[in-house]
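Q: Quick mapping for you: the protein sequence lines, in order, are chains A and B. Counting in the working numbering, the first sequence runs from 390 upward without gaps. Counting in the working numbering, the second sequence runs from 1032 upward without gaps. Using N, Cα and C, we set each Cβ at its ideal position, and we do this for glycine too. What you are looking at is a predicted structure, and each value in this text was computed from that prediction instead of being measured. Quick one: structure below, then a few questions.
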Amino acid sequence: MIPVTTQMALLRLAAAFVLAPLLFGVINRTQALFAGRKGPPLLQMYFDIAKLMRKGTVISRTTTWVFRLGPIVGLSCVATGCLLVPFAGLPAPISFPGDFVVLVALLALMRFFTVSAALDTGSSFEGMGASREVQFSALAEPALLVSFAVLARQTSALSLSEMFGQVSVIFWQQAAPSFILVLAALFIVFLAENARIPFDDPNTHLELTMVHEVMVLDHGGPDLGFILYGSALKMWILGALIVNIVIPIHEISVWPDIFLFIVGMLLLAVAVGVVESVMARLRLLHVPQLLVGAVGLAILALMLMLGA
Amino acid sequence: MAFPMDSLLVCVVLIDLALLAVNRLVTLVRIAALQGVLIGGLSLYVGGADAASILTATASLVLKGIVFPFMLMRAMREASINREVEPYIGLNLSIIFGLALLALSLWLGFKLPLPVAAASTLIVPVALFTILAGLFLIVGRLKALTQIVGYLVLENGIYTFSLAISHQSSWIVELGILLDVFVAVFIMGVITYQINREFDHIDTNQLSDLKD
């Protein structure tokens, strides 16, 4: 018999693996609502992944094993990341001091292999996308790490589960300005890392302006399915970090907590859809500026925290 | 942390950082005006409801929120200045410099305690940072107009500093400072126009090359 907390942790994990692609559906529906369209079905991402899984793969003869490795390593990295992130307040299945660094490293590893696979095709477009992706994430990563540092300082805890387990209403009263700054920084990182609109337009089909999509142009079939599912899980992980801070209600009882958390995630997806509907993509030159701004917000929060 | 006070002070800091990051003159003027309004509101919050503090707060709100932006916009329109800020020091680098200045002023602010208890421990660091950000705008930007804005931000910083010791300082002094700033912005607006008419630009860098 597995202990109850482990059971609950596994349940949450299953929820993440099942519900993650739904976020894309919600985002697309919100956008469609703003534009006055009907929009794709909420479950479109599931259909896409299922379709891709049934297909065969065509692999360019110029590529090597690195190209095949990209999607597989990417998906396994975020799947491992899911094990580290606490969902809905209760601890994650795996938790140890310093695991937030591991989470950032896993995301970096995923990026490294996606970029390597893109470079392996030898296509100049994919090289360009890879270079942009690396440039943006080099700026987004410090913002993420400094935000974690703020949380660690405030809760005097070093593991993600303890950090988010302790975020409560009292903490919000004590250090509201810092928390708001961290939330803003995390939201910018969330948009940048998931290639959403102010940074990258996921629906564009103009190679010159693509960042993330251009890197996966040569992938097809199950490989592309892995990539799509991996990006859904990545969005779920980064979204969970935000929702865990915004909804600091724990241990009322398990089911309302889970329900609140999932509602929070869906609301976050709606927020992303709204941002995408009201904003245009930033010019590429201005993207680093916004990311430096995010780092600035996080550092400001840390300074306030250290000073107070 | 006291919630409303500190949040407003953090907003002032964010506006300082935004001032260092924006690329449009109109936005720069508007953000500086917003900061003036915010600090005026803060002084009202700190000073309480006696006549003198209401007088100074209202004067600063009207001047910084309405009169100064109006004068600067007019100077911009008449001198038909183009919209870019034209920094010496790139915008990204400016933000990083800004953060370094912020660290410096937080350190200094916590090192130098006031003889009287301030309404918030953040007032002195925020005032110092606003002053430094204003100085940075004056030094790190090319155009005469951005230097006026830098001067205004500097004044905002000094005004914030006076919040910490509001019970000690006289409102006559505040009003005097506001009048000085008003005259200064007025004259600088005219000078900007004159520089532009004489030389067809307001690039202060080239003024040092003047010879006759």
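Should the segment 598-608 of chain A be called in touch with the segment 429-439 of chain A, which here means at least 3 C-beta pairs below 8 Å?
A: Result no; under three Cβ-Cβ pairs closer than 8 Å.
Q: The alpha helix (DSSP H) with G1165/B in it runs from where to where?
A: Here the alpha helix (DSSP H) through G1165/B covers 1154-1171.
Q: Beta carbon of G685/A, beta carbon of L1130/B: below 8 Å?
A: Cβ atoms of G685/A and L1130/B: closer than 8 Å.
Q: Look at the alpha carbon of A532/A and the alpha carbon of G1207/B, and state the distance between them as a whole number of angstroms.
A: If you take the alpha carbons of A532/A and G1207/B, they lie about 43 Å apart.
Q: If we ignore side chains and look at the alpha-carbon of each, how far apart do D564/A and F1128/B end up?
A: The sequence as given places Ala at residue 564/A; Asp does not occur at that position. If I take the Cα positions, the gap works out to 25 Å.
Q: Cβ closer than 7 Å: which chain B residues qualify as neighbours of P677/A?
A: The answer, in chain order, is N1123.
Q: Under a CB-based cut-off of 8 Å, is I1226/B close to chain A?
A: No, because no Cβ of chain A sits closer than 8 Å to the Cβ of I1226/B.
Q: Tell me which residues of the segment 571-584 of chain A have at least one Cβ-Cβ distance to chain B shorter than 8 Å, keeping chain order.
A: Under the 8 Å Cβ criterion, the segment 571-584 of chain A contributes no residue.
Q: Just to confirm, is the Cβ distance from I1126/B to G682/A under 8 Å?
A: For I1126/B and G682/A, yes; Cβs fall inside 8 Å.
Q: If you measure between the beta carbons of K1090/B and G1220/B, is that distance less than 8 Å?
A: Per the sequence shown, the amino acid found at residue 1090/B is Ala instead of Lys. Cβ distance not < 8 Å, so A1090/B and G1220/B don't count as in contact.
Q: Please report the residue range of the alpha helix (DSSP H) in which E582/A lies.
A: Residues 565-582.
Q: Along the alpha helix (DSSP H) that carries K1142/B, what are the first and last residues, could you check?
A: Taken as a continuous stretch (DSSP letters only), the alpha helix (DSSP H) holding K1142/B covers 1122-1142.
Q: Across which residues does DSSP place E1115/B in a beta bridge pair?
A: DSSP output for E1115/B lists R1055/B as bridge partner(s).
Q: Unbroken beta strand (DSSP E) runs of length 3 or more, entirely within the segment 452-512 of chain A: which are they?
A: Here no run is fully enclosed.
Q: List, in order along the chain, the chain A residues whose C-beta lies closer than 7 Å to that of L1110/B?
A: Checking the sequence, you will find Ala at residue 1110/B rather than Leu. Near A1110/B there are no residues of chain A at all, since even the closest Cβ is about 27 Å away, more than 7 Å.
Q: For E1229/B, is the classification buried or exposed, using 16 other Cβ atoms within 10 angstroms of its Cβ as the cut-off for buried?
A: By the 10 Å Cβ count, E1229/B comes out exposed.
Q: Closest Cβ-Cβ distance between M390/A and chain B: below 8 Å?
A: For M390/A, the predicted model reports a pLDDT of 46, less than 50, meaning its position is unreliable; a value from the coordinates is still stated below. Closer than 8 Å: no.
Q: Grouping DSSP H, G and I as helix and E and B as strand, with all else coil, what is K1095/B?
A: K1095/B falls in the helix class under three-state DSSP.
Q: Using the beta-carbon of each residue, which ones in chain A are nearer than 7 Å to I1126/B?
A: Near I1126/B (Cβ distances below 7 Å), the residues of chain A are V681, G682, G685.
Q: Please compile the residues from chain A whose C-beta is within a distance smaller than 8 Å of the C-beta of L1048/B.
A: Those are G682, G685, L689, listed as they occur along chain A.
Q: In whole angstroms, what separates the C-alpha of V455/A from that of G463/A?
A: Those two C-alpha atoms are separated by around 12 Å.
Q: Answer yes or no: do A413/A and M434/A have a C-beta to C-beta separation smaller than 8 Å?
A: Note on identity: in this sequence residue 413/A is Phe, with Ala being the wrong assignment. Going by C-beta atoms, F413/A is nearer than 8 Å to M434/A.
Q: Excluding the 5 residues preceding and the 5 following A1215/B in the sequence, name in chain order all residues of the same chain whose CB lies nearer than 8 Å to its CB.
A: The residues are Y1182.
Q: What in chain A is Cβ-close to S1091/B, meaning under 9 Å?
A: Near S1091/B there are no residues of chain A at all, since even the closest Cβ is about 24 Å away, more than 9 Å.
Q: Check whether the segment 499-517 of chain A and the segment 657-669 of chain A touch, using three or more Cβ-Cβ pairs below 8 Å as the test.
A: At 8 Å Cβ cutoff, the stretches do not touch.
Q: With a cut-off of 8 Å, do at least 3 Cβ pairs link the segment 1068-1077 of chain B to the segment 603-617 of chain A?
A: The answer is no - the segment 603-617 of chain A does not touch the segment 1068-1077 of chain B, with fewer than three Cβ pairs under 8 Å.
Q: Per DSSP, which residues does D1234/B bridge with? Please list them.
A: Paired residue(s): K1174/B.
Q: Does L411/A have its Cβ less than 8 Å from a Cβ in chain B?
A: No - not a single Cβ of chain B is within 8 Å of the one on L411/A.
Q: Using a Cβ cut-off of 7 Å, which residues of the segment 1038-1066 of chain B contact any Cβ in chain A, in chain order?
A: Cβ contacts with chain A: S1038, V1041, V1044, L1048, A1052.
Q: Taking just the CA atoms, how far does F489/A sit from E665/A?
A: Their backbone Cα atoms lie some 29 Å apart in a straight line.
Q: Excluding the 5 residues flanking V558/A on each side, which residues of the same chain have their C-beta closer than 7 Å to its C-beta?
A: Hits under 7 Å: P637.
Q: DSSP on S545/A, reduced to helix/strand/coil?
A: Coil.
Q: Please confirm if F1192/B has its CB atom under 8 Å from at least one CB of chain A.
A: Taking Cβ atoms only, chain A never reaches closer than 8 Å to F1192/B, which makes this a no.
Q: Less than 6 Å between C-beta atoms, sequence neighbours within five positions excluded: which residues of the same chain meet that for V544/A?
A: Residue identity differs from the one stated: residue 544/A is Thr in this sequence, not Val. Closer than 6 Å at the Cβ level, and outside the excluded window around T544/A, lie M552, Q555.
Q: Say whether the segment 395-404 of chain A touches the segment 467-483 of chain A, bearing in mind that this needs 3 or more beta-carbon pairs closer than 8 Å, one atom from each stretch.
A: The segment 395-404 of chain A, when compared against the segment 467-483 of chain A, does touch it at the 8 Å Cβ threshold.
Q: Against A658/A, what residues of chain B qualify as contacts under a CB-to-CB distance less than 8 Å, listed in chain order?
A: Here the premise fails: no neighbours, minimum Cβ distance about 27 Å.
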